[in-house]
Every structure is written in C-alpha cells, then in structure tokens.
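From first to last, the protein sequence lines are chains A and B.
If you count by numbering that gives the first Met the number 0, then the first sequence holds residues 0 to 251, one letter each, in order.
If you count by numbering that gives the first Met the number 0, then the second sequence holds residues 0 to 242, one letter each, in order.
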Amino acid sequence: MRHIILKFIPGIILLLLWEYAASHDKSVLFFFSSPGKVIALLCKELQNAGMWHNISVTFMEASLGLIIGTLLGTVVGLLIWVNDIIRKMLEPYLLILGAIPIFALAPMLIIWFGIGLMSKVFMAAFSVFLVALAQSYEGTKNAAEKYTLFTESLGISRMKMMYKIILPGSLQWILSGLKMNIGLALLGAFIGEFVSSTAGLGFYILREGSLFNTTGVLVGIILLTCLSFFFNLVLDGVKKYLLPWVNYQKSN
Amino acid sequence: MVNNVLLSAENISKNFKKLKVLDDISLDLIQGKITCILGSSGCGKTTLLRIIAGLEKASKGKILSSLTLPGKEVGYMSQEDSLLPWKTAEQNVLFALELTGIKNHRQAMKMLRLVHLNHFSRYYPHELSGGQRQRVSLARMLALSPKLLLLDEPLSALDIVIKNDLTQIIRNYVIKNQAAALMITHSVEEALLVADTILILSPRPACITDKIDIKDSERNNAFARVKEALENAIKEKKCATSS
Numbered sequence: 000m001r002h003i004i005l006k007f008i009p010g011i012i013l014l015l016l017w018e019y020a021a022s023h024d025k026s027v028l029f030f031f032s033s034p035g036k037v038i039a040l041l042c043k044e045l046q047n048a049g050m051w052h053n054i055s056v057t058f059m060e061a062s063l064g065l066i067i068g069t070l071l072g073t074v075v076g077l078l079i080w081v082n083d084i085i086r087k088m089l090e091p092y093l094l095i096l097g098a099i100p101i102f103a104l105a106p107m108l109i110i111w112f113g114i115g116l117m118s119k120v121f122m123a124a125f126s127v128f129l130v131a132l133a134q135s136y137e138g139t140k141n142a143a144e145k146y147t148l149f150t151e152s153l154g155i156s157r158m159k160m161m162y163k164i165i166l167p168g169s170l171q172w173i174l175s176g177l178k179m180n181i182g183l184a185l186l187g188a189f190i191g192e193f194v195s196s197t198a199g200l201g202f203y204i205l206r207e208g209s210l211f212n213t214t215g216v217l218v219g220i221i222l223l224t225c226l227s228f229f230f231n232l233v234l235d236g237v238k239k240y241l242l243p244w245v246n247y248q249k250s251n
Numbered sequence: 000m001v002n003n004v005l006l007s008a009e010n011i012s013k014n015f016k017k018l019k020v021l022d023d024i025s026l027d028l029i030q031g032k033i034t035c036i037l038g039s040s041g042c043g044k045t046t047l048l049r050i051i052a053g054l055e056k057a058s059k060g061k062i063l064s065s066l067t068l069p070g071k072e073v074g075y076m077s078q079e080d081s082l083l084p085w086k087t088a089e090q091n092v093l094f095a096l097e098l099t100g101i102k103n104h105r106q107a108m109k110m111l112r113l114v115h116l117n118h119f120s121r122y123y124p125h126e127l128s129g130g131q132r133q134r135v136s137l138a139r140m141l142a143l144s145p146k147l148l149l150l151d152e153p154l155s156a157l158d159i160v161i162k163n164d165l166t167q168i169i170r171n172y173v174i175k176n177q178a179a180a181l182m183i184t185h186s187v188e189e190a191l192l193v194a195d196t197i198l199i200l201s202p203r204p205a206c207i208t209d210k211i212d213i214k215d216s217e218r219n220n221a222f223a224r225v226k227e228a229l230e231n232a233i234k235e236k237k238c239a240t241s242s
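Quick look at the structure:
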C-alpha cells in the first residue's frame with residue numbers, strides 16, 4: 000500500500016504545481032492549459048457522440064492495421080525460417096524496407112487508398128510489419144533451438160515441425176511483438192489522420208492545435224493513451240490465457 | 000559389420016572451416032550395450048553425436064548402419080528436456096507417437112508408468128521438477144521403441160538419486176530391447192554409472208585415446224582407472240589406432 004501511495008506522490012505534486020502556475024500566469028494557461036480545464040473538457044467531450052466517433056475511428060484504424068501488419072509480418076517471418084532460399088531472396092528487400100522512414104509513405108497511401116479508413120489502416124500495418132517479422136523470425140529460431148532437437152533426430156519434415164512445434168513455440172515472441180507494435184500502430188493511424196482525414200483522434204488533435212486550444216490537444220493525447228492502455232490490457236489477457244507457462248518462467 | 004553391431008562410425012573427421020574438431024574417430028555401437036564417450040567440455044562430443052544421428056555431415060569418414068539416420072528408430076535425449084510447454088506430460092509423450100503416425104494413449108501412459116510419473120500425466124512441464132521433466136523426456140524417447148539411443152549428457156543436471164533411477168531405466172530398456180546406446184558426458188561418475196564401454200576423447204581436435212570395458216562387478220572400483228585415462232588424454236593425447 001505504501002509503495003502505491005509513493006508512486007502517486009510525484010504525479011500529484013506535478014499536477015498541483017501545474018494547476019498553481021496556470022491559475023497565476025496566463026501564458027502558462029495558454030501554452031500548457033491546466034489539469035482542471037483538461038479534466039473538465041475531457042468529461043464534456045466524453046458525453047459528446049462526435050468524440051466517441053473519433054475514438055472508434057482511430058481504434059478501428061489501429062486495430063485493423065495491427066492485425067494485418069502482424070499477420071503479414073508473422074507469415075513472412077515464419078516462411079523465412081522454413082526456407083533458406085526465401086530468406087536469401089527477401090533479405091535485401093527487407094533491408095531496404097527497414098531503411099525507409101515509413102511515415103514518409105503517408106502521402107502515397109492517401110493517393111492509393113484515399114482519405115478514408117483504408118489509408119490509415121495500411122499506414123498502421125506498414126508501421127508494425129517489420130517488427131512483427133523480426134519478432135516471429137526470432138521466435139522461430141528460439142523455438143527451433145529449444146524444442147526441435149528431439150524431432151530433428153526422428154527425421155520429421157521442416158514443414159511438419161513448423162506446424163506442430165515452431166508456430167506454437169514462437170507464439171510468445173509473436174505476442175511480445177504485438178505488444179511492442181501497439182504504440183506503432185496507433186502512431187501509424189495517427190500520422191495517417193494528421194496527413195489527411197475527416198475523423199479520428201489525430202484529426203481532433205490537429206484541429207484543436209490549429210485553434211491554439213492546448214486543452215483540446217491534451218484531451219486528444221489522453222484519449223490516445225487510454226486506447227493504448229486498452230490494447231495492452233486486452234493483449235495481456237490473451238497472453239495469460241494462451242501462454243500460462245510464460246508468467247511462471249518469468250517469476251522463476 | 001559384425002552381426003550385433005547396430006552402427007559403425009569409421010574414421011570420422013570434422014572440420015569447421017579451418018578448425019579441426021574431430022580427428023579420425025572410429026567406434027561401434029553394439030546391441031544390448033551402452034557405450035559412453037567421456038571427454039572434457041568443448042572437445043566435440045556433441046558434434047560427434049550429431050554426426051552419428053545424421054544431423055550433421057562428417058568432413059571425412061562414414062557411418063554404416065542398417066537404420067535410417069535421422070529416422071524414427073533413433074531416440075535423442077539432451078541435457079535440456081526440450082518438452083513442449085503447452086502440452087501436458089502425457090501429451091508430450093503422445094506427441095512423439097503422433098509424429099511417427101501412432102496415436103496411442105495406452106502406450107503413452109505405459110511409458111509414464113515406466114518412469115514412475117503416471118500420477119503426473121496431466122501436469123504441464125512448468126509444474127514438474129527438473130528431474131521429473133527429464134523423466135518425461137525419457138518416456139517420450141522410449142515410447143517410440145528406438146533401436147538406437149543417443150544421449151547428450153542427459154543426467155548432468157540431476158541429483159544422484161534421479162541419476163540412478165534413470166540409468167536403471169535406460170539399462171533395462173537397452174538389454175530388454177537389444178537396442179544400442181551412445182551417451183556422451185564429461186563426468187567420470189556418470190560414465191561409470193551407465194556404460195558397458197567407455198571411450199576416452201582427447202581435447203580438440205578430438206580423437207579416441209582409450210577404450211575401457213566396464214564389467215558390472217568392477218563398476219564401483221573403476222573410478223581411479225577411468226579418471227587416470229581421462230587425465231592422460233588431456234595431458235598427452237595419444238590417439239588409439241582404432242576403437
């Protein structure tokens with residue numbers, strides 16, 4: 000209990016100082032808003048159907064992007080393990096892809112998919128693809144090292160090993176990659192909305208920013224953070240359900 | 000090949016680029032007998048075992064055997080249990096059977112009974128102790144009724160009671176099924192516990208420096224002899240001409 004209270008103390012002090020400064024200095028209020036104003040606007044916006052629409056749009060873009068990017072990255076990562084020729088063929092292209100600042104692709108995606116949902120979904124998917132690929136490839140290598148010695152000596156085919164051992168064995172790595180990718184998927188969706196959109200939290204933040212409404216910008220940031228927390232919570236639940244032994248290994 | 004010889008390794012050498020790891024090693028694995036390769040850590044024991052299992056190619060020499068290598072008549076067990084954490088003890092044993100096309104719950108349970116773990120069949124590996132996991136590993140290997148057992152230091156992380164227990168199960172299996180076993184270890188005690196024949200391996204590039212046959216009656220008294228042979232192999236390295 001004492002530890003929990005200790006954790007809250009710096010945050011509370013910071014909020015009190017911020018509130019105090021904002022109430023005594025107009026420029027602080029203009030540039031940083033104040034905790035009271037942010038909370039008041041947050042409560043007001045949450046009663047507004049428009050804000051829930053913005054939240055659901057960003058949620059859809061990020062979650063679809065996360066799923067598509069992770070699936071594609073994972074499949075390519077697994078294929079690279081199955082066949083060395085595929086690895087050698089794809090390696091230079093993956094290196095080039097890794098060097099591209101993905102967010103620079105945003106205008107292209109708008110041209111290809113329009114300003115609707117799909118351009119943001121693909122922006123998010125592109126953002127998470129390489130991390131998912133790297134994680135699934137590392138996962139396959141790890142699972143192969145740990146679990147295949149016995150089956151190798153039986154002369155089991157690589158494809159059968161992939162399906163029976165490598166895929167379930169690398170799930171821990173794939174899910175860890177998914178966790179890392181939550182932030183990237185949200186960022187991808189957010190950047191997509193920043194470039195061109197008519198709804199979403201990125202659109203909301205951009206609009207409030209252009210009106211010099213720092214309170215609104217902070218409300219948008221808080222809601223994005225809440226989305227990230229929500230994704231993390233869901234994923235932790237999935238991980239506990241699918242991989243009960245992982246928590247045990249960690250605690251040992 | 001002589002009738003009761005299940006596998007012969009002839010003049011095996013292995014180089015990793017310029018590094019010579021194994022140098023002209025010959026050995027026979029005989030049905031109903033356990034051969035143990037004793038050598039210091041990092042001398043190339045595991046490489047030799049992998050070559051014999053057909054998992055790696057020798058740079059020189061050949062393996063002669065009536066078995067298909069790698070194949071379903073070969074059982075491999077290592078120091079780490081390599082059990083699948085998402086399967087129970089019984090499912091792990093059953094999994095090995097499934098891989099070879101037989102789904103036989105009765106056989107899986109019989110094997111768990113053999114290693115005294117039938118009451119733990121529904122436990123996951125993380126719920127078992129290190130010794131219990133290694134026993135499940137053994138049950139999984141024996142479930143396939145292998146003709147050749149390849150054991151890569153399977154006892155090294157276990158206490159003496161479990162070592163004795165597992166050794167006895169392996170010995171009984173080898174004699175009853177007329178299988179051949181090859182175990183590698185760096186421990187003189189483990190070698191004496193299990194082997195009918197001990198081959199002493201020198202440091203890199205490894206060659207066999209001595210071959211010691213162990214009779215059951217002298218199992219408890221041969222420690223000094225084997226230890227001396229191992230020390231000589233490390234100090235002098237005089238390769239024996241053949242196994």
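C-beta: ideal position from N, C-alpha, C; glycine also.
None of these values were measured; they are calculated from a predicted model.
I need the DSSP call for residue i, collapsed to helix, strand or coil.
i, result
"Phe202(A)", "helix"
"Glu9(B)", "strand"
"Thr45(B)", "helix"
"Gly74(B)", "strand"
"Asp243(B)", "Outside the displayed range of chain B (0 to 242) lies residue 243(B), so it cannot be described from this structure."
"Leu96(A)", "helix"
"Asp23(B)", "strand"
"Leu31(B)", "Residue identity differs from the one stated: residue 31(B) is Gly in this sequence, not Leu. It is coil, neither helix nor strand."
"Ile36(B)", "strand"
"Ser241(B)", "Unreliable placement is indicated for Ser241(B), whose pLDDT of 49 sits below 50; no coordinate value is reported for it."
"Leu192(B)", "helix"
"Lys87(A)", "helix"
"Lys226(B)", "helix"
"Ile173(A)", "helix"
"Ala221(B)", "coil"
"Ile79(A)", "helix"
"Ile243(B)", "Outside the modelled stretch of chain B, which goes from 0 to 242, sits residue 243(B), for which no answer is possible."
"Asn251(A)", "Since pLDDT at Asn251(A) reaches only 48, below the 50 mark, its modelled position is unreliable, and the value read off the structure follows with that caveat. Of the three classes helix, strand and coil, the one that applies to Asn251(A) here is coil, per DSSP."
"Ile213(B)", "coil"
For residue i, tell me which candidate among the options has the shortest Cα-Cα distance.
i, options, result
"Ile36(B)", "Val92(B), Cys206(B), Leu137(B)", "Cys206(B)"
"Leu78(B)", "Leu137(B), Asn220(B), Lys214(B)", "Residue identity check: residue 78(B) is Gln in the sequence provided, not Leu. Per the Cα distances, Leu137(B)."
"Leu132(A)", "Ser118(A), Ala143(A), Glu90(A)", "Glu90(A)"
"Ile174(B)", "Gln90(B), His185(B), Lys146(B)", "Lys146(B)"
"Ile173(A)", "Leu28(A), Ile79(A), Val74(A)", "Val74(A)"
"Met107(A)", "Thr147(A), Gly191(A), Asp235(A), Thr69(A)", "Gly191(A)"
"Leu47(B)", "Asn10(B), Ser155(B), Val4(B)", "Asn10(B)"
"Leu200(B)", "Asn14(B), Phe15(B), Lys16(B), Ser40(B)", "Ser40(B)"
"Met182(B)", "Gly74(B), Thr34(B), Asp209(B), Val160(B)", "Thr34(B)"
"Ser32(A)", "Thr197(A), Glu207(A), Asn231(A), Trp244(A)", "Glu207(A)"
"Ala39(A)", "Leu104(A), Ile3(A), Gly215(A)", "Gly215(A)"
Does residue i get closer than 9 Å to chain A when you measure Cβ to Cβ?
i, result
"Glu89(B)", "no"
"Glu79(B)", "yes"
"Ala95(B)", "yes"
"Arg134(B)", "no"
"Leu83(B)", "yes"
"Val173(B)", "no"
"Phe222(B)", "no"
"Pro69(B)", "yes"
"Ser242(B)", "Unreliable positioning characterises Ser242(B) in this predicted model, as indicated by a pLDDT of 45, which lies under 50. A coordinate reading is not provided."
"Thr166(B)", "no"
"Val92(B)", "no"
"Met182(B)", "no"
"Leu149(B)", "yes"
"Gly100(B)", "no"
"Leu143(B)", "yes"
Step through the CB atoms of chain B and report whether any lies within less than 9 Å of the CB of residue i.
i, result
"Ser152(A)", "yes"
"Leu177(A)", "no"
"Leu129(A)", "no"
"Ile164(A)", "yes"
"Pro34(A)", "no"
"Gly191(A)", "no"
"Gly10(A)", "no"
Any beta strand (DSSP E) of 3 or more consecutive residues that is wholly inside the segment 0-77 of chain A: none
Residues in the segment 102-125 of chain B having any Cβ partner in chain A nearer than 8 Å: Tyr123, Pro124, His125
Contact set between the segment 136-162 of chain A and chain B, restricted to residues whose Cβ is under 8 Å from the partner: Lys145, Tyr146, Thr147, Leu148, Phe149, Thr150, Glu151, Ser152, Leu153, Gly154, Ile155, Lys159
Secondary structure, alpha helix (DSSP H): runs of 4+ residues fully inside the segment 194-238 of chain A: 200-209
Start-end ranges of the beta strand (DSSP E) lying completely within the segment 49-111 of chain B, minimum 3 residues: 59-64, 73-77
Near-chain B residues of the segment 100-114 of chain A (beta-carbon distance less than 9 Å), N- to C-terminal order: none
Contacting positions in the segment 42-59 of chain B - beta carbon closer than 7 Å to chain A: Ala52, Leu54
Segments assigned alpha helix (DSSP H), at least 4 residues, entirely inside the segment 109-168 of chain A: 116-146, 148-151, 157-160
Residues of the segment 11-37 of chain B with Cβ closer than 8 Å to any Cβ of chain A, in chain order: none
Completely contained beta strand (DSSP E) runs for the segment 111-146 of chain B, where each covers 3 or more residues: none
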